[in-house]
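Note that our numbering has the sequence shown beginning at 2, numbered continuously upward. A virtual CB, placed ideally from N, CA and C, is assigned to each residue, including glycine. Keep in mind the model is a prediction, meaning the values are calculated, not measured. This report concerns only the one structure given below.
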Amino acid sequence: MKKNLILGLMSLVVFLFTSCKTEVTKRADFKEVMQVHDEAMARMGEIHDMKKQVESWAETASDSTFITVSYDIIKKLEMADEGMMSWMAEFKIPDGGPENEMKSYFAAEQIKVDKVSEDIDRAINNALKFLEDHK
2 MKKNLILGLM SLVVFLFTSC KTEVTKRADF KEVMQVHDEA MARMGEIHDM KKQVESWAET
62 ASDSTFITVS YDIIKKLEMA DEGMMSWMAE FKIPDGGPEN EMKSYFAAEQ IKVDKVSEDI
122 DRAINNALKF LEDHK
């Protein structure tokens, strides 16, 4: 009987922890953060394509100013990529907690992921403009 009670309590604890995390992923603020993440992640292939194109252009260019500018653009593309990788490594789905803490956490994460997304957009747009201007 004691084993059954312990087993039952352990099952309840596991269920509660699992359901807390599930409830977190159903939150609107969690979904908003993840929507920005998903949209930005969809552009990561563009980052890598732009980087290859700018590198290719820099290898054939003879003007040192343009070469310097191209390497600056490459660096910004790399920084945008690293920004996303860092954000993803640091982002943790909380196990639950007081409502005000959850709101604060997701509000802070929204600011971070918005910046990551803006950095990605800016880096890609700058690379596109550079490539258009130097065809």
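Stretch-stretch touch, CB-based, cutoff 8 angstroms, three pairs: the region 80-87 with the region 111-127: yes
Distance, E24 Cα to Y72 Cα: Annotation: Y72 to E24 spans about 45 angstroms, alpha carbon to alpha carbon.
N-terminal and C-terminal residue of the alpha helix (DSSP H) that K93 is part of: It is not in any alpha helix (DSSP H) - K93 carries neither H nor E in the DSSP assignment.
Rounded C-alpha distance that separates I94 from K27: 11 angstroms
Local conformation of C136 per DSSP, three classes: In the sequence under discussion, the amino acid at residue 136 is Lys, which differs from the Cys named in the question. In this structure, K136 counts as coil in the three-state DSSP scheme.
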